[in-house]
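Undergrad: Shown below is the structure under consideration.
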Amino acid sequence: MTATASASEARGRPVQVWLLVWTLALAIVLVTFLLQDSLLWAVNYPDSAVVPVADWVSALMRWIKSNLSWLTRSITAVLGVPLDFALNLLAKNFKFGHGADTVILPRLSWVGVCAAAFLAGHAVGRRKLGMLVGGCFLYIALFGQWTSAMLTLALISIAVPFCIVTGLFAGIWAWRKPWAERLIISPALDLMQTIPTFAYLIPMLLLFGNSPVSAMIATAIFATPPMVRATMLGLSRVPSEIDDFSEMAGCTARQKLWRVLLPSARPTLMVGVNQVIMLALNMVIIASMIGAGGLGYDVLLALRALKVGEAMEAGLAIVALAIALDRLSQAIAHNNAKGHVHQETNPVFWRRYPNLTLAIAILVVTTLLGLFVPAFAAVPKAITFTTAPLWKAAVNWVTINFFDVIEAFRVALILNVLNPVRAFCEGFPWLGAVFLLGLAGYQLSGLRLAALVAGLTAFCAVTGLWEKTMATVYLCGISAFIACLIGIPIGLMASRSDRLEKIVTPVIDTLQVLPSFCFIIPVVMLFRVGDVTAMIATVAFAVVPAIRYTNHGIRQVPPALIEAAKVSGCTPSQTFFRVQLPLALPEIMLGVNQTILMALAMIIICAMVGTRDLGQEVFIALSKADSGRGIVAGLAIAFIGIVADRLFNAWTAKARARLG
Amino acid sequence: MTDRTEQGADAAGTPKDARPIKLACRNVWKLFGSNAANFIRERDGKASMAEVAAAGLVGAVRAVDLEIRQGEIFIIMGLSGSGKSTLVRCMSRLVEPTHGKVEFEGKDLLKISDAALIELRRHRMGMVFQNFALLPHLNVLENIAFPLSIQGQDRPTREARAREVIDLVGLRGREQFYPRELSGGQQQRVGIARSLATKPEIWFLDEPFSALDPLIRREMQDELMRLQTMLHKTIVFITHDFDEAIRLADRIAIMKDGEVIQIGTPEELVVDPATDYVAEFTRDVDRAKVISARGLMRACDGSDHGGTVAPDAKIASFSASIVAAGKPFAVVNGTGKPIGEVTPQAVIDLLAGIDRSGAGA
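Structural data, given as structure tokens:
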């Protein structure tokens, strides 16, 4: 209703006109829905008219594969060199020569790596961070996940610099050339961030085979967008005076960029680096399906065999790795944002960098010791322990004792909520959806948005994926709805109590860094496979932005306005409902938007637990290496995300403009 | 406008300034909006405010003519949105003017090549910014040496020069500090030192003290005057603070809505404001500190003189002694020849704010 009102103000049409239009539109769609038998072509997209986009894509991929194999092979060879080095250094061992004269140089000792992790934390965030980071690595070692975790880390350590460099240059280009930003970079970023992770894997699998290299390329592509955005943002945020200064100092364009603007933008760039690392970790886990190996592969194998204990253990190792990497890179970003502090510089290297020197020394010594003392080379079995049986026992206990309750809950949810909504969504006429979404786009922003929204929606139908699209929309919609239902109240409460905020913040910070895979494991243990599992995992994954943005939105209402409300005699609840909430609404809606996008991303990954939607389509295509089918389904998912995102953004922009 | 002030200058009896013109604006326009360049070219560089508005353009700087002479402190004063910042950016070509000429030593700045402009900025122009514009990742020494490093000077040379200017602005001992560790006043000292490191001939100061506390601002103004007595730069100083302008200026240009309304010495502005807008600024000024003996001088009527003063001496500097003496003071020029006299009554009238017509210029 608010949207209708604001739209009419902007367009100078009375509210009644839009009300009438919407009533009419809904009536038409309802009629179509009721008359589905006679108007079948408007409900289900006719099979005969399906455009075989998937076939075209497949043909294109086949052509690339057969004609450009020299290129893909050389890329594999070039990227393989640093990757092999990192893999050997951290996880495997260096092997030179063959057969009898094989010389083996050992990988870095786990003791040394743990110590180096501690020192890195210590260097950027004092002892507390050192303990946390070192502790996470020690945890990984003691729980017997060392080699897998180091495989994962090796992939990340090669993919991340690649992302940073690519992202930096793409960002600079977009910042320099507005047309490039508008026509190439922005749409590409939108697409890259909404295409589900699975869909990235298919072309990589096809072009580069089932290998760590193709996993690394997929990771690098997936994790680059935040760096591009951070670069653009950072450069545009450099104060104009600094820009003027560089001109007045007589900088050439290159000097200006590299010596003034980029260093000044460093705090923002570091935030981008943190996001790149976290996305890379997330993707490396998922890319285990195409040969990344490592922790993700362990989870995948365990899940397939329904070994919940093992899955949980590998999952927790991912969590430990994620927390260590996140806190470390965040501390670096934070230090950068705070700015530099002078200190005595010492010409002697080891005095100037005591932590670095110590870390290198420990790594070298422990690794050399590893040659003679096996305990340094590999984590001795004697000191590792496993919690897998414990988890298994716990799950068994829960299943035995609470089976009926859980099952009743599950069945009730399926029968009373999921199935009816699903039936409604899948029966929804495609033409009606195109029409209604287009109308919403027109009302919110105008013809361009209407055409975009309607066109993208029509794509899903025209490619013959309408039913699966709606299955995705239904599951994603329900999950996002529940996530908002849980998240917004928590955010509201947190915004009104500093104590609650102190509790909530670390929890959502941690939830946010966990790779999406990790959410599935505990839910699968209790609810087995199916839509309910997918829904619960998605809610847990997508609840974070709803909480965060709501809390932030309420808290950023200017104190002067609240004081003004108090002085005019508002009761606390009046202040809240009539001042804070309306002013925070755009921000809250932004959170809802984020929640929807995250829910969409998660729903797709939940294909692993047996949903029947577009995600499953991609998943099947992945296992069959059917590039056309996978990419088209992936695009359809991306388009759902883009449609939701654009409509929400248009609405938020409008509400913002109204609030001033 | 310019004609009027020039005449005013003659009437006030200021000797014509013989110093060469360093920088001049000739009918400089900066218009924002589509097709602004054509608009002003078609009108041959002439347009009224109403015409500009009717064309849907925003006139940030309109028809500005001014000449800045070597070694003078030229202040551009105006309230926010008056176009003073845009004007100074037109002068340094940080902003490309829509129309007109900016002449640096008689050469049109707008016609020179990018390479020549870079050379010019590297060696002959310096600029100080309102919010200091220090590079956060460099320490004081590196910040100050930065413009030299851009020119390709080697480390020992540029650091030696940087240390010279650090001493000049009194920052010795802070070389290794980073900007965020310094107070606002200290940061601006770094900004000043940095702009002086290249030994510029013309020095742009864009509201350099506006972000500082009043007491620090005062201190920095004194510091600027101290530096100027040593360095004799040509200074273009932007401010929105009329008191600051009066304190520092050789000449002031007052801007409103993108136009220069009046250019003159502080005394001329106070004594003879061109418009009510200018008069509004000058109303609360302590006139005794602005008006000189020349401004209150009348022809000698043969009475006794209680002392002598130079024509440029401000009234405030001798008001106490003239009132105590109770006799007129002779105004003498450089050769000691009397050119008129100032009566105690005229000084008392000025201090009391009584305006007897004919008492002023």
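Protein sequences appear in the order of chains S and D.
The first sequence runs 83 to 742 under this note's numbering.
The second sequence runs 27 to 387 under this note's numbering.
Here a beta-carbon is modelled for each residue, glycine too, at the ideal position from N, C-alpha and C.
At the 8 Å Cβ level, is H258 (chain D) part of the contact set with chain S, yes or no?
TA: For H258 (chain D), the answer is no, since every Cβ of chain S falls outside 8 Å of its Cβ.
Undergrad: Using a Cβ-Cβ cut-off of 6 Å (strictly less than) and excluding sequence neighbours within five positions of W229 (chain D), which residues of its own chain qualify?
TA: Answer for W229 (chain D): G152, K259 and I261, listed in chain order.
Undergrad: Of all the options D:L83, D:R52, D:A50 and D:L49, which has the alpha carbon lying nearest to the alpha carbon of F65 (chain D)?
TA: Nearest option by C-alpha distance: D:L83.
Undergrad: Within this structure, are the beta carbons of M607 (chain S) and V477 (chain S) separated by less than 8 Å?
TA: In this structure, V477 (chain S) lies closer than 8 Å to M607 (chain S) by Cβ.
Undergrad: Under 7 Å between beta-carbons, which chain S residues line up against I144 (chain D)? List them in chain order, please.
TA: Result: G332 and T334.
Undergrad: Determine which residues of the region 148-165 of chain D have a Cβ less than 9 Å from any Cβ of chain S, and write them out in chain order.
TA: Cβ contacts with chain S come from R148, H149, M151, G152, M153, F155, Q156, N157, F158, A159, L160, L161, P162, H163, L164 and N165.
Undergrad: Taking a Cβ distance cut-off of 9 Å, strictly less, list which residues of the region 91-123 of chain D are near chain S, in chain order.
TA: Under the 9 Å Cβ criterion, the region 91-123 of chain D contributes R115, S118, R119 and L120.
Undergrad: Compare the Cα-Cα distances from S346 (chain S) to each of D:L57, D:S347, D:A336 and D:A159 and report the closest residue.
TA: Closest by alpha carbon: D:A159.
Undergrad: Residues of chain S with CB closer than 9 Å to the CB of E207 (chain D), please, in chain order.
TA: Under the 9 Å cutoff, chain S gives G421, H422, V423 and H424.
Undergrad: For the alpha helix (DSSP H) that A628 (chain S) lies in, which residues bound it at each end?
TA: Unbroken alpha helix (DSSP H) run through A628 (chain S): D613 to R637.
Undergrad: Take every Cβ of the region 291-308 of chain D, pair it with every Cβ of the region 108-117 of chain D, and state whether three or more of those distances are shorter than 8 Å.
TA: No: fewer than three Cβ pairs fall under 8 Å.
Undergrad: Any beta carbon from chain S within less than 8 Å of I242 (chain D)'s own beta carbon?
TA: It does not: the Cβ of I242 (chain D) has no partner Cβ on chain S nearer than 8 Å.
Undergrad: How many whole angstroms separate the CB atoms of F307 (chain D) and G217 (chain D), which I take to be in contact at a CB cut-off of 8 Å?
TA: With a Cβ gap of about 27 Å, F307 (chain D) and G217 (chain D) do not count as contacting.
Undergrad: Report buried or exposed for L529 (chain S), applying the criterion of at least 16 other Cβ atoms within 10 angstroms of its Cβ.
TA: That one is exposed.
Undergrad: Which residue comes first and which comes last in the beta strand (DSSP E) that contains L231 (chain D)?
TA: Per DSSP, L231 (chain D) belongs to the beta strand (DSSP E) from I228 to D232.
Undergrad: Bridge partners of A356 (chain D), per DSSP?
TA: According to DSSP, which records beta bridges pairwise, A356 (chain D) is partnered with D:T334 and D:E367.
Undergrad: Against Y303 (chain D), what residues of chain S qualify as contacts under a CB-to-CB distance less than 9 Å, listed in chain order?
TA: Those do not exist, as Y303 (chain D) stays about 29 Å from chain S at its closest Cβ, beyond 9 Å.
Undergrad: Kindly provide the ranges of any beta strand (DSSP E) runs that are 3 or more residues long and lie completely inside the region 132-182 of chain D, ordered along the chain.
TA: With a minimum length of 3 residues, the continuous beta strand (DSSP E) runs that stay inside the region 132-182 of chain D are 151-154.
Undergrad: Smallest Cα separation from A715 (chain S): which of S:Y282, S:F225, S:F467 and S:G203?
TA: Closest by alpha carbon: S:Y282.
Undergrad: Taking the alpha helix (DSSP H) that V310 (chain S) belongs to, which residues open and close that run?
TA: Start and end: P307 to R319.
Undergrad: By how many angstroms is the C-alpha of T276 (chain S) removed from the C-alpha of I303 (chain S)?
TA: Straight-line Cα distance between these residues: approximately 13 Å.
Undergrad: For the region 302-327 of chain S, which residues have a beta carbon sitting closer than 8 Å to at least one beta carbon of chain D?
TA: Answer in chain order: P321, E323, I324, D326 and F327.
Undergrad: What in chain S is Cβ-close to F203 (chain D), meaning under 8 Å?
TA: Those are H424, listed as they occur along chain S.
Undergrad: Which ranges does the beta strand (DSSP E) cover as unbroken runs of at least 3 residues, wholly within the region 106-191 of chain S, from first to last along the chain?
TA: As far as the region 106-191 of chain S is concerned, its whole beta strand (DSSP E) runs of at least 3 residues are 176-178 and 185-187.
Undergrad: Three-state secondary structure (DSSP) at R492 (chain S)?
TA: Residue state, collapsed to three classes: helix.
Undergrad: How about Q177 (chain D): is its C-beta nearer than 8 Å to some C-beta of chain S?
TA: Q177 (chain D) counts as touching chain S.
Undergrad: Taking only three categories from DSSP, how would you classify R694 (chain S)?
TA: It is coil, neither helix nor strand.
Undergrad: Pick from D:V286, D:E285, D:I280 and D:G85: whose alpha carbon is nearest that of V296 (chain D)?
TA: The residue with the shortest Cα to Cα distance from V296 (chain D) is D:I280.
Undergrad: Could you list the residues in the region 347-359 of chain S with a C-beta less than 9 Å from some C-beta on chain D, going in chain order?
TA: Cβ contacts with chain D come from R348 and P349.
Undergrad: For the region 93-105 of chain D against the region 274-289 of chain D, do three or more pairs of beta-carbon atoms, one drawn from each stretch, fall closer than 8 Å, so that the two count as touching?
TA: Contact holds: three or more Cβ-Cβ distances are below 8 Å.
Undergrad: Identify every run of the alpha helix (DSSP H) within the region 199-268 of chain D, keeping only runs that are complete inside it and at least 4 residues long; order them along the chain.
TA: Those alpha helix (DSSP H) runs which fall completely within the region 199-268 of chain D and span 4+ residues are 210-222 and 240-257.
Undergrad: With a cut-off of 8 Å, does the C-beta of F344 (chain D) fall near any C-beta of chain S?
TA: No - not a single Cβ of chain S is within 8 Å of the one on F344 (chain D).
Undergrad: What's the C-alpha gap between M360 (chain S) and R610 (chain S)?
TA: Those two C-alpha atoms are separated by around 28 Å.
Undergrad: Check each candidate in D:A356, D:E77 and D:N53 and name the one with the smallest Cα separation from P336 (chain D).
TA: It is worth fixing the name first, because residue 336 (chain D) is Ala in this sequence and not Pro. Taking only the C-alpha atoms, the option nearest A336 (chain D) is D:A356.
Undergrad: By Cβ distance below 6 Å, which residues in the same chain neighbour L500 (chain S) in space, the five residues on each side in sequence not counted?
TA: If we look at L500 (chain S) and ignore the five residues flanking it on each side, its Cβ neighbours are D613.
Undergrad: With H, G and I counted as helix, E and B as strand and the rest as coil, what does DSSP make of D302 (chain D)?
TA: Here D302 (chain D) sits in helix by DSSP.
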